[in-house]
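Visitor: Can you read through this structure? Questions will come right after.
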Ligand SMILES: Cc1cc2nc3c(=O)[nH]c(=O)nc-3n(C[C@H](O)[C@H](O)[C@H](O)COP(=O)(O)OP(=O)(O)OC[C@H]3O[C@@H](n4cnc5c(N)ncnc54)[C@H](O)[C@@H]3O)c2cc1C
Ligand code: SF4
Ligand code: SF4
């Protein structure tokens, strides 16, 4: 398969600003499967109605409101910022719906409810948690697939065969509980080291505070992702040392919180709050009621 080698320049948004062919290369292959790309085309949008197009012939769209340069005309999905994926298309739809609601109300399109994260403890009793805690060292279950030859004979065949009941049960227990966060209260810590001892991945360290280099030299386990920030607590009350956690290693098993005698570590469920058009409408109604009440 012969391919052109391109040299590409990116603009400030990370989009391709210009490109040119600089070479040609040949990749030896037995078979080549074509994956069809996609392209935006708007020949049907008149160019004199106030919708500006950029040098790629796609509409200029506000990244917060999804409004084009013509008031009251909104774009979302691949039409807004070029090919992305279905998750983005749905998110754009939600954001554009908020804008359309505000536009119909004559409100400021940029005045949007903030996003947030709610944290609530998962502790239900001394050793009871509202999720399946504990560390499961089982390896990842491999999803069985339909044989490759069968897949080529019948392209619309469902490829993934599904887990057996046993594998499914093992796989869910491997869950990293990403929605459960480890939350530390420095004021409660008595520096007993129990959490340090029990952590199955050695991602916790109690150490004198210092610059990044000094702290890193004292970590129980070397870092795998040096770019990711470490959690460094405030000073612990007995020795002024700090609790350090490498979030990259943590498997959210909750054993630190289970073992801690003072509740200094807690496992807290995090709920991401993303406002939708209905939340904006409810806020508008509430503001209306309050204004009426105030006379
Ligand atoms: C080969 C391929 C594989 C992909 N795989 C994935 C994947 O696995 N997962 C994933 O998340 N995303 C994937 N994507 C990306 C995903 O399909 C798109 O990001 C998503 O479909 C965009 O949704 P959309 O509603 O913005 O646009 P589209 O789904 O393209 O919908 C636009 C619709 O508008 C219609 N239309 C166009 N012009 C007009 C007109 N003038 N008048 C009336 N109707 C018109 C089109 O016929 C189309 O139905 C893939 C894309 C391609 C091309
Ligand atoms: S939740 Fe994280 S920090 Fe706590 S014991 Fe498990 S792996 Fe270690
Ligand atoms: S188990 Fe609790 S009290 Fe003991 S060192 Fe860890 S956080 Fe501090």
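In the numbering used here, the protein residues as written are 1 to 295. Even glycine gets a Cβ: it sits at the ideal position worked out from N, Cα and C.
#1: Check each candidate in 101, 137, 180, 54 and name the one with the smallest Cα separation from residue 278.
#2: From which residue to which residue does the alpha helix (DSSP H) around residue 287 run?
#3: Go through its chain and collect everything with a Cβ distance to residue 65's Cβ below 7 Å, but skip five positions before and after it.
#4: Along the chain, where does the beta strand (DSSP E) containing residue 25 start, and where does it finish?
#5: So what does DSSP say about residue 157, is it helix, strand or coil?
#6: Please say whether residue 209 and residue 224 have beta carbons closer to each other than 8 Å?
#7: Using a threshold of 8 Å, state whether the C-beta atoms of residue 180 and residue 268 are closer than that.
#8: With a Cβ-Cβ cutoff of 8 Å, do residue 186 and residue 130 count as a contact?
#9: Rounded C-beta distance between residue 255 and residue 198? I'm assuming under 8 Å.
#10: Does at least one heavy atom of ligand 1 sit under 7 Å from the Cβ of residue 83?
#11: Buried or exposed for residue 240, going by 16 or more other Cβ atoms inside 10 Å?
#12: Does the distance from the C-beta atom of residue 253 to that of residue 135 stay below 8 Å?
#13: Indicate, with yes or no, if ligand 1 has a heavy atom lying under 7 Å from the CB of residue 89.
#14: Is residue 266 buried or exposed, if buried means 16 or more other CB atoms sit within 10 Å of its CB?
Guide: On the basis of the data shown:
#1: It is 101.
#2: Looking at the DSSP string, the run of the alpha helix (DSSP H) that includes residue 287 is 277-293.
#3: Hits under 7 Å: 99, 109, 110.
#4: Residue 25 -> beta strand (DSSP E) spans 16-26.
#5: The three-state reading of DSSP puts residue 157 in coil, since its state is none of H, G, I, E or B.
#6: It is not a contact, given that the beta carbons lie outside the stated cut-off.
#7: A contact, by the Cβ cut-off of 8 Å.
#8: Taking 8 Å as the Cβ cut-off, residue 186 and residue 130 do not qualify as a contacting pair.
#9: That pair is a contact at about 5 Å.
#10: In terms of side-chain proximity, the C-beta atom of residue 83 is found nearer than 7 Å to a non-hydrogen atom of ligand 1.
#11: That one is exposed.
#12: Yes, the pair counts as a contact, with Cβ atoms nearer than the cut-off.
#13: For ligand 1, at least one heavy atom lies less than 7 Å from the Cβ of residue 89.
#14: Residue 266 comes out buried.
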